[in-house]
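Residue numbers (this note's numbering), protein chains in the order written: chain A, 924 to 1178; chain B, 566 to 1021. Where a beta carbon is used, it is the ideal one built from N, C-alpha and C, also for glycine. Structure, as C-alpha cells:
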Amino acid sequence: MKNIVFLMNIKLNDSAGRYTPERSLPYEYSIKSWKRWCDKNDVELFTLENLIVPMDEMAICWQRYYLFDILEANDIDYDQILMVDSDTIVHPECPNFFEMTDHKYTGVHNEGSYDWVLRSIENYSKHIFQGRELKWWNYINGGFQIVNKNHKDLFSAMISLHNNNKENFVYMQDTYHTGTDQTPINFMLQINDIETKILPYEYNMMDMPRKEILNENLTMTRVGWVYHFNCIPNNKDNQATLYWMKRTYEELYEN
Amino acid sequence: MNKKNVIWWTGIINPDHNEKYGGFEYMEYSRKSWEFWCKRNNCEFVTFTEPIEQDLKRFRVNWQKALFVFDELEKRNIEYDQICLVDSSAIVKWNTPNFFELTERKFCGLRDTDNMNWTYESIKGYQKFFDFKLDTTKYINSGFIIFNEIHKNVLESFKRLYYDNIDMFCDLQDNIVKKGTEQTPLNYWLQINSVDIKTDLPLPFKLTHLHRKDMFSYNWQLKEDNTPFFIKYGYIWFFNGIPKDQRSKIMKDTWNHIKHNYDDKYTNVHNILNEVDHKDTAKYTTSRKFKKDILDIFYNDKYKDATILELGTSQGQSTKMLSRIFKHVYTVEWDDWNIEQAKKRCTDRDNITFIKFDLYGKKWELPKADVVFIDAGHEYKHVISDINNVVDHLDNPIFIFDDYGLPPGEVRKAVDEKVTEGVLKLNKFIGELPEDLVHAGGTQFIDKEGCICNLR
Chain A
924 MKNIVFLMNI KLNDSAGRYT PERSLPYEYS IKSWKRWCDK NDVELFTLEN
974 LIVPMDEMAI CWQRYYLFDI LEANDIDYDQ ILMVDSDTIV HPECPNFFEM
1024 TDHKYTGVHN EGSYDWVLRS IENYSKHIFQ GRELKWWNYI NGGFQIVNKN
1074 HKDLFSAMIS LHNNNKENFV YMQDTYHTGT DQTPINFMLQ INDIETKILP
1124 YEYNMMDMPR KEILNENLTM TRVGWVYHFN CIPNNKDNQA TLYWMKRTYE
1174 ELYEN
Chain B
566 MNKKNVIWWT GIINPDHNEK YGGFEYMEYS RKSWEFWCKR NNCEFVTFTE
616 PIEQDLKRFR VNWQKALFVF DELEKRNIEY DQICLVDSSA IVKWNTPNFF
666 ELTERKFCGL RDTDNMNWTY ESIKGYQKFF DFKLDTTKYI NSGFIIFNEI
716 HKNVLESFKR LYYDNIDMFC DLQDNIVKKG TEQTPLNYWL QINSVDIKTD
766 LPLPFKLTHL HRKDMFSYNW QLKEDNTPFF IKYGYIWFFN GIPKDQRSKI
816 MKDTWNHIKH NYDDKYTNVH NILNEVDHKD TAKYTTSRKF KKDILDIFYN
866 DKYKDATILE LGTSQGQSTK MLSRIFKHVY TVEWDDWNIE QAKKRCTDRD
916 NITFIKFDLY GKKWELPKAD VVFIDAGHEY KHVISDINNV VDHLDNPIFI
966 FDDYGLPPGE VRKAVDEKVT EGVLKLNKFI GELPEDLVHA GGTQFIDKEG
1016 CICNLR
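Following this line, the structure appears as C-alpha cells:
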C-alpha cells in the first residue's frame, strides 16, 4: 500500500468573489513540485479537480473531509495520506515525513498571528463548541495533515458536524472571517482525544513574511522543507502568491 | 541537604547601553514577578547583578550569565537542584505552573522561530568557526533555559572555549556576524557535545516576540473580555523583538495592569499543599496537582471575598485547603464519621460551616455561594441532581468537578451531557491526566481528574 499526497486543484469562475480564475494559477507549481517529490519517494499523488458538493452548500476546504470516500470511489488503496494545500511547494530533498508520524494524526502547529488563531478559537468555541476550551499550543494548521484509516470516523464526524450546523458555519465564516474547517478540526481532534504528532515548523512553513524568510534570497528554501505561501500582504488575485511560487519552483526545480 | 530549584535571574546594568535601552527600569518588573513566583513555588530566587568580569565589551552580560552560573551558585553556597536561567526582559504570570516539573531533568530550551532570517544568518555566521552542521530544529533561545548538575561539565567547557577564543568571538560578534552574543555559540556547543535538548515545553511558557505574534491584541469581535491575549493565554512573557528603548514603558504598563495579583499573601501555596494529604496516599481526596490547579486559579485577590459550597466533605482534606482560599466554606456531608474526621482536621480554621445534609433525599436547603465544588455522589443520577440543584438555587456559580475521569465514567457522562445541552460551558480540565494519576486505592482513571465549568 502506498502513501498518498492529496491536493485540491479546483478551478472556479467566481469572477466577482474570492475564487477568481486567477486565484488558482499558482497551484500548478505546487502540483509539479509535489509530483516530483512523490516520484522520488514512491508516493502517489492524487489531485481533486471537481467539487464534491456545490460551494454554496459547503466551503471548499470542508470538502477535503470526504477524503476517504473519494479515494475509495477511485479504487485507490492507501496507507497514510497527506492532505496538503495547493499553495505549498515542497523542497525536492524534503525528508519523507510519512516515516515520522508514528502512524498518528500528524500536523504542524499554526505559527503566525495568534490574534487570528485565538479569536478563531474563542469564536468557534462560543458559537459551535459549547464554550469548550482548546489547548491552543497544540492547534495545527489545516494545510498539512497526515491521516490514515484510523481517522475515517473522525472525518465522518467532521462532515456530520458541518451538515448539522450548516447555517451556523456560514454565519461564522461570514461574520468573523476566522477560517472555515481549520478551527473545527482542531476542536474535533481534542474533543475526540485523537492522538496527534506535531512536526516542526519546517514541514509546513506558514506565514513566512512574519518570520522574515520570504525574501529575494528565498531564505525559506535554506531553512525548511515545505513552503506555505499564505498570509502574504498586498496579494490581490493571488498575484504575489504566483510570483513567489513561480520563483521558488524555478529556483528549486529548474536551476 | 536542602536542594531547591533555582531561578538564576540576570539583571546586570551596563551603563554604556543606557540610551539604547531607554534605561533599565524594566528589570524591576521582571524581578518582582520572579520573586513572587519563586516564593509561591518554593524555589530559590538568585540574582546575578554584579558582573564577574568588569570589561562588559569583551565579556557581554549574556555571555557572563551562562559562563559563571555554576561558579556563582557554588561560591554563594546555594544547594541547587535544577536551574532556570532567565533574562530580565521576562515577566512571569502570577499563577504559572511549576515548569521544573515538566523538564524530565533534561536541558530545556525554547525553540527560536520568531525571526528565522536572523537565526539563519547567525547560524551561518558561526558555522565555519565550529565546523559543525547544526540541527536547526533544535535551535533554542538562550533567554530561558533549564538545566541541572549533569550539565555542569558542558557549561564549564563552554567557558573554557570562550576564554580560549575570546578575540575570535568578539570579532564574530561585533564585526562579522553581528547576530547576537552567546546564543548561537551555545547552541553549537550543546549540539557538538550531544546534549539531549528538550524543546517541547508548551508555548505558553515561551511567549517571545509578542508583537510579531499579534499577542498584544484581544478578542475585539466578541467584545466579552479585553484582557490582552498574552496575559490571558501565556505564562512567561518575553518583551523582546520590540524596539529596546520601548521595553521599559511596555513592561511598566503591563505591570501596572497586573501587579495586584502578585500580593505576598498569596505565596503560601507550598505550605497549604503540605498541610493536607493527596490522592497518592489518601484515596478519598484529590491529587496534589488538582489542589495546586485550584490554588493557581482561585488563590488571588479576585476570589478573596468569594464563598464556596463543597458538596461532599469526605474527610476534609480539600475543605481545609479551600478555607485558605475563600472567605467562607460551606461543606456538606451526610456521614457522621466523615464530619467528625473533617472537623478534627480543620480545628485551626474558623471560616468553615459543616452541614449534615442528605443531598439526594431532601429538598435542597443550602446556602448560596459563588463557587461550588461537586464531589458527592459519583453516580450519573447523583451528579445530574447536584448540577440541577445548583443551577436552580445558586446565582451563576463557577463549578468545580472532581473525579471527571473516574471509571466507569458516570461523572463525565453527566458533565458532558450538560455541556452538550448548553447548560454548562466547560472551561478547563484540572488535576492529573489518567496516565499520571497515582491513586492510593489503585483505581485507574479513564479521563482527566477534574474540570471547571461555568453556566452558559
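Using a Cβ-Cβ cutoff of less than 6 Å, which residues in the same chain neighbour residue i once the five nearest sequence positions on both sides are dropped?
i	result
ASP1008(A)	GLY1066
MET780(B)	PHE794 and PHE795
ASN607(B)	HIS835
LYS658(B)	TYR800
ALA982(A)	THR1103
DSSP on residue i, reduced to helix/strand/coil?
i	result
LYS1058(A)	coil
MET1129(A)	coil
LYS630(B)	helix
TRP802(B)	strand
HIS560(B)	The requested residue 560(B) does not occur in the structure, where chain B is confined to residues 566 to 1021.
ASP818(B)	helix
MET931(A)	strand
TYR645(B)	strand
PRO1150(A)	The residue asked about is misnamed: residue 1150(A) is Tyr in this sequence, not Pro. If DSSP states are grouped into helix, strand and coil, TYR1150(A) belongs with the strands.
GLU945(A)	helix
THR701(B)	helix
LYS933(B)	coil
ILE823(B)	helix
ASP581(B)	helix
Taking the alpha helix (DSSP H) that residue i falls in, what are its first and last residues?
i	result
PHE665(B)	Note, PHE665(B): premise wrong, no alpha helix (DSSP H); not H, not E.
MET733(B)	731 to 736
LYS1049(A)	1037 to 1050
PHE1078(A)	1075 to 1087
LEU755(B)	748 to 757
ASN682(B)	681 to 695
Flag this pair as yes or no: are the beta carbons of residue i and residue j separated by less than 8 Å?
i	j	result
GLU721(B)	ALA631(B)	no
CYS735(B)	ILE710(B)	no
THR1008(B)	PRO973(B)	no
GLN1053(A)	VAL984(B)	yes
LEU1122(A)	PHE1021(A)	no
GLN1113(A)	LYS1058(A)	yes
LEU621(B)	ASN579(B)	yes
PHE770(B)	ILE801(B)	yes
ASN903(B)	SER879(B)	yes
LYS921(B)	GLU898(B)	yes
PHE891(B)	ILE995(B)	no
Please return the same chain residues whose Cβ sits closer than 7 Å to the Cβ of residue i, not counting the five positions on each side in sequence.
i	result
GLU666(B)	none
TYR1047(A)	MET1095, THR1106, PRO1107 and PHE1110
ASP1025(A)	LYS1120
LYS744(B)	TRP683, GLU686, SER687 and GLY690
TYR727(B)	TRP628, LEU632 and PHE734
THR661(B)	TRP602, TYR800 and ILE801
ASN713(B)	ASP646, GLN647, ILE648 and ARG670
PRO962(B)	ALA934, ASP935, VAL936, VAL937 and VAL955
THR575(B)	PHE613, VAL626, LYS630, ASP652 and SER653
If I measure Cβ to Cβ from residue i and keep anything under 8 Å in the same chain, skipping five residues before and after, which residues do I get?
i	result
HIS716(B)	PHE672 and VAL760
TYR989(A)	ILE975, PHE1078 and ILE1082
SER1036(A)	ASP1130, ARG1133 and CYS1154
In terms of residues, what are the limits of the beta strand (DSSP E) holding residue i?
i	result
ASP861(B)	Where ASP861(B) is concerned, there is no enclosing beta strand (DSSP E), although the alpha helix (DSSP H) it sits in stretches over 853 to 863.
ALA655(B)	655 to 657
TRP573(B)	569 to 575
LYS1169(A)	Segment 1162 to 1172 is the alpha helix (DSSP H) holding LYS1169(A); no beta strand (DSSP E) there.
SER953(A)	No beta strand (DSSP E) contains SER953(A), which is instead part of the alpha helix (DSSP H) from 950 to 963.
PHE1010(B)	PHE1010(B) -> no beta strand (DSSP E), and no H or E assigned at all.
THR1011(A)	1011 to 1013
PHE969(A)	967 to 971
DSSP puts residue i in a beta bridge; with which residues?
i	result
PHE966(B)	ILE939(B) and CYS1016(B)
ARG914(B)	In the DSSP output, where bridge partners are listed per residue, ARG914(B) has none listed.
TYR1258(A)	Outside the displayed range of chain A (924 to 1178) lies residue 1258(A), so it cannot be described from this structure.
VAL611(B)	TRP573(B)
GLN1068(A)	MET1006(A)
PHE672(B)	ILE762(B)
ASP829(B)	Per DSSP, none; premise fails for ASP829(B).
ASN706(B)	LEU675(B)
TYR895(B)	LEU874(B) and THR918(B)
LYS993(B)	ILE1017(B)
Residues of chain E with CB under 8 Å from residue i, in chain order?
i	result
ILE1136(A)	This model lacks chain E altogether; the protein chains it does include are A and B.
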